[in-house]
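Residue numbers (the working numbering), protein chains in the order written: chain Z, -9 to 413; chain H, 313 to 615. For reference, the structure is listed below as structure tokens.
Given below as structure tokens:
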């Protein structure tokens, strides 16, 4: 069985990220001859003396004209073991907004550093955003090892420096790979230039890293997405609750509770068009039927009576602000989308702004501008059924939408209920 | 009973697509599914069927009909629509030409591909559709690689690649004003190989022209085009009979066939897994016009 692994890469033009990705795609035969020819032609036309693999996906006119990546690009490749989705995010322009977007669904983050330069501001920022978005696995690729004579000492130095920085973050699984993306060392196969390195090649690591246990399989969460009522002769009284399991496992016979009503019932069946299932776990899209006819609609949450999400309207969250037009300020009113619920939210208070480079908290801040991240207190018009983001990335996340322009202006990661205000 | 709870990559992609389709049905008033009879829209329609089973697919299916069809594909469309009991809307490019909304291209490389945009946008406006599912995939073409799953279109149906909404987790923002609509791409993360593997695993029926068959063809611009009532070789182009199959299905006058003896789904999967050319590069004359041909068409409101 081939599994799916989604990973996010971030980096600037100079650290060899495009070369590394190009190498992974090329060696796994995901680049086609006509694509390569087109890129070679364009590279020559732009006066480059090497094949610029970034042109493989920097396909928008504006990107080619300005020689920059303006958006997250998704690339795909597969090996017999896994299918990979790369969210490739530009390192310079709109880095926070793009990286947060790419990282939101990633299982793994790939951070690149140049062996000659070691950790730079950008590497720290990428690592911090990966930990903020709770990407379970982080791989630090120390690139251009050929330019430091394959020095084990240099590699260890960078590792130590990164470990010291990462100890301040919440990173569960951290790996280091010394590579030369240009020459392909340790990318697909182990290199003979690094006999002192005992770990896997990058691709081997991507194929082997254990992701099945990353999903929350403990707290049963089933946000109801759509109510299925066929109104047909064959399924006259059929009433099913369709949705994607957001946590834990759902199976027939489970005693469940529906929020907000608080009614309890038992799971009669977990169904798909391909037949009934013995159980469904996180990430599966299924239809749940209950033994009792109770009122359940979109936006409700099915959980276990003994393991319920937090129910509340006053929420503290880390918010990444993405509006180019207006900053986030106290008293702002926005639309909030959380699981399958949509409500309105009032910004009660901006508690602090976080400097993504130094991790310094600015308590005096009272607004968040584009690409800024901070801790914010919200009050919602409807109760949300949520978990802390660190416990569940699906029931712990939300987006904010501007009511006038309808654009998505914020990404939120829930910390927990707000402390009662002193008033 | 399995206790690892691992999902195969096809099941993970299927779950993601079903989630997207249900989200749209729940939040939009008048969605429509664009169906060409090609393999991607066939898979998309199957996913829609799965999303609402045992109820019917709760929205109509629309075919933007260039009039330049492969007969096998039209037959397949009618059969599938009848089987599902869904409403079929046909938006005709010929009608747009007859009404003077668009002018037929002329010359040996004329096609009705670009004309479809007007027909499509007119139909969306006429039927007041607020969401239109398309079968486009991000691996197909580099402008598509940067397009969102929910792709916002303004009053003119235009796509603005520099002004797209960020898309995070599985939370989709479908808010829009009257007159605007959203294109929905539930197959964004599928590749050509995924589609074929899924067709194989699910035993999905697809039009016979996707499998190897004998056909009278001729070479033009490095592609093999079929001789038909719509298209004949020009002077200097010689027709011959070859064993071919189609990798994509579009306007019959510009969609190329590839030499292939893959007559079963397994053989096609093997062929796709080892091919060295992209499907659009091998078979679509329309994408060869310029580097940004697809981006330019998409900005105007194309699929």
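Glycine included, each C-beta is placed from N, C-alpha and C at the ideal position.
Of the listed residues the options, nearest to residue i (C-alpha basis)
{"i": "residue 215 of chain Z", "options": "Z:266, Z:278, Z:252, Z:168", "result": "Z:278"}
{"i": "residue 17 of chain Z", "options": "Z:150, Z:172, Z:158, Z:36", "result": "Z:172"}
{"i": "residue 467 of chain H", "options": "H:607, H:362, H:517, H:611", "result": "H:611"}
{"i": "residue 305 of chain Z", "options": "Z:275, Z:283, Z:384, Z:378", "result": "Z:378"}
{"i": "residue 102 of chain Z", "options": "Z:381, Z:-6, Z:7, Z:235", "result": "Z:7"}
{"i": "residue 396 of chain Z", "options": "H:476, H:614, H:361", "result": "H:476"}
{"i": "residue 497 of chain H", "options": "H:512, H:464, H:393", "result": "H:464"}
{"i": "residue 520 of chain H", "options": "H:576, H:348, H:346, H:453", "result": "H:576"}
{"i": "residue 431 of chain H", "options": "H:512, H:375, H:479, H:454", "result": "H:375"}
{"i": "residue 255 of chain Z", "options": "Z:292, Z:226, Z:220, Z:331", "result": "Z:292"}
{"i": "residue 139 of chain Z", "options": "Z:151, Z:182, Z:37, Z:165", "result": "Z:182"}
{"i": "residue 242 of chain Z", "options": "Z:269, Z:248, Z:236", "result": "Z:269"}
{"i": "residue 334 of chain Z", "options": "Z:389, Z:346, Z:315", "result": "Z:389"}
{"i": "residue 287 of chain Z", "options": "Z:266, Z:230, Z:246, Z:276", "result": "Z:230"}
{"i": "residue 455 of chain H", "options": "H:345, H:403, H:471", "result": "H:471"}
{"i": "residue 398 of chain H", "options": "H:453, H:344, H:560, H:566", "result": "H:344"}
{"i": "residue 367 of chain H", "options": "Z:357, Z:247, Z:272, Z:221", "result": "Z:221"}
{"i": "residue 113 of chain Z", "options": "Z:155, Z:146, Z:137", "result": "Z:155"}
N- and C-terminal bounds of the alpha helix (DSSP H) containing residue i
{"i": "residue 135 of chain Z", "result": "Unbroken run through residue 135 of chain Z: none, as it is neither H nor E."}
{"i": "residue 85 of chain Z", "result": "85 to 93"}
{"i": "residue 79 of chain Z", "result": "Run containing residue 79 of chain Z: none in the alpha helix (DSSP H); it sits in the beta strand (DSSP E), 72 to 80."}
{"i": "residue 302 of chain H", "result": "Chain H is shown from 313 up to 615; residue 302 of chain H falls before or after that span and cannot be answered."}
{"i": "residue 153 of chain Z", "result": "142 to 156"}
{"i": "residue 586 of chain H", "result": "577 to 586"}
{"i": "residue 409 of chain Z", "result": "First-last for residue 409 of chain Z: undefined, no H or E at that position."}
Separation of residue j from residue i, as counted between CA atoms
{"i": "residue 449 of chain H", "j": "residue 406 of chain H", "result": "27 Å"}
{"i": "residue 313 of chain H", "j": "residue 326 of chain Z", "result": "Caution is warranted here: a pLDDT of 39 is assigned to residue 313 of chain H, below 50, making its placement in the model unreliable, and no coordinate value can be reported."}
{"i": "residue 365 of chain Z", "j": "residue 349 of chain Z", "result": "13 Å"}
{"i": "residue 579 of chain H", "j": "residue 26 of chain Z", "result": "26 Å"}
{"i": "residue 315 of chain H", "j": "residue 324 of chain H", "result": "Residue confidence for residue 315 of chain H is low, a pLDDT of 48 falling below 50, so the modelled location carries little weight; the figure read from the coordinates is stated next. Going by the C-alpha atoms only, they are around 17 Å apart."}
{"i": "residue 261 of chain Z", "j": "residue 516 of chain H", "result": "20 Å"}
{"i": "residue 551 of chain H", "j": "residue 382 of chain H", "result": "18 Å"}
{"i": "residue 450 of chain Z", "j": "residue 123 of chain Z", "result": "Absent from the model: residue 450 of chain Z. The displayed extent of chain Z is -9 to 413, so no value can be given."}
{"i": "residue 257 of chain Z", "j": "residue 280 of chain Z", "result": "5 Å"}
{"i": "residue -3 of chain Z", "j": "residue 96 of chain Z", "result": "5 Å"}
{"i": "residue 495 of chain H", "j": "residue 613 of chain H", "result": "10 Å"}
{"i": "residue 94 of chain Z", "j": "residue 115 of chain Z", "result": "16 Å"}
{"i": "residue 382 of chain Z", "j": "residue -1 of chain Z", "result": "22 Å"}
{"i": "residue 228 of chain Z", "j": "residue 250 of chain Z", "result": "23 Å"}
Simplified DSSP assignment, three categories, for residue i
{"i": "residue 249 of chain Z", "result": "strand"}
{"i": "residue 313 of chain H", "result": "Here residue 313 of chain H scores only 39 on pLDDT, less than 50, and its place in the model should not be relied on; the value that follows carries that caveat. Looking at residue 313 of chain H - three-state DSSP - the assignment turns out to be coil, as it is neither helix nor strand."}
{"i": "residue 321 of chain H", "result": "helix"}
{"i": "residue 508 of chain H", "result": "helix"}
{"i": "residue -2 of chain Z", "result": "strand"}
{"i": "residue 379 of chain Z", "result": "coil"}
{"i": "residue 433 of chain H", "result": "helix"}
{"i": "residue 36 of chain Z", "result": "coil"}
{"i": "residue 465 of chain H", "result": "strand"}
{"i": "residue 606 of chain H", "result": "helix"}
{"i": "residue 349 of chain Z", "result": "coil"}
{"i": "residue 119 of chain Z", "result": "helix"}
{"i": "residue 284 of chain Z", "result": "coil"}
{"i": "residue 562 of chain H", "result": "coil"}
{"i": "residue 540 of chain H", "result": "coil"}
{"i": "residue 611 of chain H", "result": "helix"}
{"i": "residue 424 of chain H", "result": "coil"}
{"i": "residue 548 of chain H", "result": "coil"}
Any non-hydrogen atom of the ligand PLP within 7 Å of residue i CB
{"i": "residue 446 of chain H", "result": "As far as ligands go, the structure on display features none, and thus does not contain the ligand PLP."}
Opening and closing residue of the beta strand (DSSP E) in which residue i lies
{"i": "residue 377 of chain H", "result": "373 to 377"}
Within chain B, partners of residue i - CB distance below 7 Å
{"i": "residue 508 of chain H", "result": "The chain inventory of the structure shown lacks chain B, comprising the protein chains Z and H."}
Three or more C-beta pairs under 8 Å: does that hold for the segment 534 to 554 of chain H against the segment 501 to 514 of chain H? The segment 534 to 554 of chain H, when compared against the segment 501 to 514 of chain H, does not touch it at the 8 Å Cβ threshold.
Taking 8 Å as the cut-off, does the segment 353 to 370 of chain H touch the segment 432 to 448 of chain H (at least 3 CB pairs, one atom from each stretch)? A contact exists between the segment 432 to 448 of chain H and the segment 353 to 370 of chain H.
Hey, is the segment 542 to 561 of chain H in contact with the segment 515 to 530 of chain H, meaning 3+ C-beta pairs nearer than 8 Å? Judged by Cβ distances under 8 Å, the segment 542 to 561 of chain H makes contact with the segment 515 to 530 of chain H, as three or more pairs qualify.
Is there contact here, the segment 301 to 319 of chain Z with the segment 393 to 403 of chain Z, by at least three beta-carbon pairs under 8 Å? Yes, they touch.
Should the segment 358 to 378 of chain H be regarded as contacting the segment 334 to 347 of chain H, the criterion being three or more beta carbon pairs within less than 8 Å? Touching, yes.
For the segment 102 to 109 of chain Z against the segment 68 to 80 of chain Z, are there 3 or more C-beta pairs whose distance is under 8 Å? With fewer than three CB-CB distances shorter than 8 Å, the segment 102 to 109 of chain Z does not count as touching the segment 68 to 80 of chain Z.
Touching or not, the segment 340 to 359 of chain Z and the segment 286 to 302 of chain Z, by the rule of three or more beta carbon pairs under 8 Å? These segments do not touch.
Three or more C-beta pairs under 8 Å: does that hold for the segment 388 to 399 of chain H against the segment 423 to 440 of chain H? As far as the Cβ criterion goes, the segment 388 to 399 of chain H does not touch the segment 423 to 440 of chain H, which means the pair count is below three.
Do the segment 205 to 214 of chain Z and the segment 177 to 197 of chain Z make contact, defined as three or more Cβ pairs closer than 8 Å? With the cut-off at 8 Å, the segment 205 to 214 of chain Z and the segment 177 to 197 of chain Z do not touch.
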